[in-house]
Amino acid sequence: MPTANDNPLGAYLKDRRTRLDPAAFGITLTRRRTPGLRREEVAQRAHVSATWYTWLEQGRGGAPSPEVLERIAGALMLTDLEREHLFLLGLGRLPEVRYHASESVTPRLQRVLDALEPSPAVIRTATWDVLAWNRAATAMLIDYAALAPEQRNLLRLIFCDPRVRAAQFDWESAARFVLSAFRLDAARAGATSQVSALVDELCRLSPEFETMWRENDVRVHGEAVKHLRHPIAGTIAFEYSTFAVDGRPDLSMVVFNPATPADAEAIRSVITAQPVTSR
Numbered sequence: 011m012p013t014a015n016d017n018p019l020g021a022y023l024k025d026r027r028t029r030l031d032p033a034a035f036g037i038t039l040t041r042r043r044t045p046g047l048r049r050e051e052v053a054q055r056a057h058v059s060a061t062w063y064t065w066l067e068q069g070r071g072g073a074p075s076p077e078v079l080e081r082i083a084g085a086l087m088l089t090d091l092e093r094e095h096l097f098l099l100g101l102g103r104l105p106e107v108r109y110h111a112s113e114s115v116t117p118r119l120q121r122v123l124d125a126l127e128p129s130p131a132v133i134r135t136a137t138w139d140v141l142a143w144n145r146a147a148t149a150m151l152i153d154y155a156a157l158a159p160e161q162r163n164l165l166r167l168i169f170c171d172p173r174v175r176a177a178q179f180d181w182e183s184a185a186r187f188v189l190s191a192f193r194l195d196a197a198r199a200g201a202t203s204q205v206s207a208l209v210d211e212l213c214r215l216s217p218e219f220e221t222m223w224r225e226n227d228v229r230v231h232g233e234a235v236k237h238l239r240h241p242i243a244g245t246i247a248f249e250y251s252t253f254a255v256d257g258r259p260d261l262s263m264v265v266f267n268p269a270t271p272a273d274a275e276a277i278r279s280v281i282t283a284q285p286v287t288s289r
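Per our numbering, the sequence shown runs over residues 11 to 289.
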């Protein structure tokens, strides 16, 4: 008799199917001997034949197409993580990326940012909108809380905000690097269409942006040393790193770690002396 090890895809489909509540789909609960949805009910929701779906659960249907797996994932109400697992079992690869825009972070992530001081740190989306930051970021980078949410985009700031531009030692190199890393992040997250309006706007506002965007450079935004001019602390050196946020592929954490103890002390002095706008 075949086991789950012989047909992991079928076992997974059956497990997800039996976990569903028929009442949630308006299906009567009378004369049901087994839990969850029936095979023919899943097949109907996925717009495939009941016979073919039955064969798929039994390991007889052959490899499904990505389009059919998407419909089955929807029929079974799978989460993004469960959908990824379904594709790995069915096709041996991940599905195409689906970008979900975020508007906030959890209190846990905010506490992580706050614990990193005196290192400025922010959490950004794949389209480089800043969602969260700590006091050190406010003191050393820019007061994000004083900006409207749509203005908290790192691309917009470096190309259109004179304060951010003046803080860069070599603005052109910094701008090129930021733009090329942004392009790669947006493409990886499947957010190319979501950034089209921002790109069009920045092309109108900044001839420099338009020129650099047409160069189509891509780079990894990982680790590097960055020097900034601060109006109070003077020149500060940072070792910055970018980290993925566990369970949130749409978010990244960028941490600017003071390069020396003197840099850290200068940041602490600014944080202590400078009032911070509430979030």
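Just so it is clear, CB atoms sit at the ideal spot from N, CA and C, and this is done for glycine as well.
With which residues is residue i paired in a DSSP beta bridge?
i              : result
asparagine 163 : Asp139
valine 235     : Glu249
isoleucine 133 : Ala142 and Met263
arginine 258   : Val255
glycine 244    : His240
proline 268    : Phe248
glutamine 120  : Paired residues: none, contrary to the question.
Between which two residues does the beta strand (DSSP E) harbouring residue i extend?
i                : result
phenylalanine 97 : Unbroken run through phenylalanine 97 is the alpha helix (DSSP H), 90–101; no beta strand (DSSP E).
Compare the C-alpha of residue i against each of the options and name the closest.
i                : options                           : result
alanine 247      : Glu113, Ala177 and Glu80          : Ala177
methionine 150   : Ile37, Asn17, Val78 and Ile242    : Ile242
arginine 55      : Ile37, Ala85, Tyr63 and Arg186    : Ala85
leucine 123      : Ala269, Asp273, Val265 and Ala276 : Val265
alanine 185      : Ala33, Leu167 and Gly257          : Leu167
glutamate 92     : Ala196, Asp273 and Arg27          : Arg27
tryptophan 223   : Gly102, Val205 and Asp256         : Val205
leucine 194      : Asn226, Glu211 and Leu208         : Asn226
arginine 118     : Ile277, Gly257 and Ile281         : Gly257
leucine 189      : Val115, Ala199, Leu164 and Leu66  : Leu164
alanine 83       : Pro259, Gly71, Pro105 and Thr252  : Pro105
aspartate 88     : Tyr22, Ala60 and Ala131           : The question names aspartate, but residue 88 is leucine in the sequence shown. If we check each option's Cα against that of leucine 88, Tyr22 comes out closest.
arginine 70      : Thr61, Pro76 and Val78            : Thr61
phenylalanine 35 : Arg41, Asp25, Gly244 and Arg48    : Arg48
When you compare the CB positions of residue i and residue j, do they come within less than 9 Å of one another, or not?
i                 : j              : result
proline 74        : glutamate 51   : no
alanine 234       : glutamate 249  : yes
aspartate 260     : serine 112     : yes
glycine 100       : leucine 79     : yes
phenylalanine 169 : leucine 238    : no
alanine 314       : proline 130    : Outside the displayed range of the chain (11 to 289) lies residue 314, so it cannot be described from this structure.
arginine 173      : tryptophan 181 : no
asparagine 267    : serine 279     : no
glutamate 67      : glycine 20     : yes
alanine 207       : glycine 244    : no
Round the Cβ separation of residue i and residue j to the nearest angstrom and send it over; I've been treating them as touching at under 8 Å.
i             : j              : result
alanine 142   : isoleucine 133 : 4 Å
tyrosine 154  : arginine 162   : 5 Å
threonine 137 : alanine 201    : 5 Å
proline 128   : alanine 254    : In fact, because the Cβ distance is near 23 Å, the residues do not count as touching under 8 Å.
arginine 8    : valine 58      : With the chain represented from 11 up to 289, any question about residue 8 goes unanswered, as that position is not in the structure.
Between which two residues does the alpha helix (DSSP H) harbouring residue i extend?
i                 : result
leucine 30        : Note, leucine 30: premise wrong, no alpha helix (DSSP H); not H, not E.
phenylalanine 187 : 181–198
serine 206        : 206–215
proline 172       : 172–177
glutamine 68      : 60–68
alanine 201       : Careful: alanine 201 lies outside any alpha helix (DSSP H) and carries neither H nor E.
glutamate 77      : 76–85
arginine 55       : 49–56
Shorter than 8 Å, the distance from the beta carbon of residue i to the closest heavy atom of the ligand NAP, or not?
i          : result
valine 205 : Among the components modelled here there is no ligand, and therefore nothing to report on the ligand NAP.
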